[in-house]
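Residue numbers (our numbering): 1 to 257. One structure is given here, and the rest of the page talks about it.
Dropping the structure here:
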């Protein structure tokens, strides 16, 4: 996410986050590096998950910090809560262009309140998977059959064009779940054992890199000795005023083998 802020040219921003969960902890560590690189965090606000009043209070307090005027909110949380922030985001100066950025947990359109639509075009978030990446020049010829199979299985009559996600279009979590299952199966196969133990699977997973890396539907899959992905492809996504997800930058990281 720090890379996303760099790409956007954000020099100063507010930061809002919630409790000690793995997702937030990883995002906070990246932002700590962002700050260490000389960028400015004007304030850090806390709120309680699912309690809109704590978000509005945090917002009002954050907006008192105007020296310098911030470029963005960095929101370390989830879609149903950031929608509250979007609903109350000011449209007047000096905050008329204040943007909201976050991680892939914001890729949940069904969790947004209708009132958040007023600020949807100010929302940006990263994602490890996005189906339309495969429509980009150079990728479309290699588009996996998964996407056609998904549409044929869940929307064979093509009757959900206006609400494609979950019917004829897989969302990011679905794509990552597929890749996770595929990766486990490929690692099990690489053990060349009829009975695979946990240690066998783990060792095989840590070898999925370099020439052993595999192609997933979300991009290249390569794992390090600690199990973390190596150079995982990510995209920065926006939400249009009509509520459609769209890419706002090229793919970062290794997408194709």
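C-beta: ideal position from N, C-alpha, C; glycine also. In this text the structure is predicted, and so the values were computed from the model without any measurement.
Item	Value
Coil, strand or helix - residue 79 by DSSP	helix
Residue interval of the beta strand (DSSP E) (run including residue 172)	First-last for residue 172: 172-190, but that is the alpha helix (DSSP H), not the beta strand (DSSP E).
Nearest to residue 67 (by Cα), restricted to the options 41, 252 and 97	41
9 Å Cβ cutoff met for residue 147 and residue 170	yes
As assigned by DSSP and simplified to three states, the class of residue 227	coil
Between the CA atoms of residue 61 and residue 136 - distance to the nearest angstrom	42 Å
Where residue 217 falls: helix, strand or coil (DSSP)	coil
Inter-residue spacing [alpha-carbon to alpha-carbon] between residue 13 and residue 119	Note on residue 13: pLDDT 46, under 50, position unreliable in the model; the coordinate value appears next. In a straight line, the C-alpha of residue 13 is about 17 Å away from that of residue 119.
Test item: CB-CB of residue 59 and residue 88 under 9 Å	yes
For residue 176 and residue 215, believed in contact at Cβ under 8 Å, the rounded distance	Residue 215 to residue 176, Cβ: 14 Å. No contact.
Beta carbon of residue 253 nearer than 9 Å to that of residue 129	no
Endpoints, alpha helix (DSSP H) assigned at residue 198	198-206
Residue 168, buried or exposed, once every other Cβ within 10 Å from all chains shown has been counted against 16	buried
Rounded C-alpha distance that separates residue 159 from residue 193	45 Å
Assigned secondary structure, residue 88 (DSSP; H/G/I helix, E/B strand, else coil)	helix
Nearest-angstrom Cα separation, counted from residue 242 out to residue 248	16 Å
Helix, strand or coil at residue 135 [DSSP, three-state]	helix
Buried or exposed (CB count within 10 angstroms, at least 16 for buried), residue 239	buried
One or two residues paired with residue 126 in a DSSP bridge	236
C-beta contact flag for residue 79 and residue 108 at 9 Å	yes
Under the three-state DSSP convention, the category residue 246 falls into	strand
Backbone CA spacing between residue 150 and residue 94 [nearest angstrom]	46 Å
Buried or exposed (CB count within 10 angstroms, at least 16 for buried), residue 45	buried
Assumed close pair residue 172, residue 127 - CB separation to whole angstroms, cut-off 8 Å	5 Å
DSSP beta-bridge partners of residue 165	169
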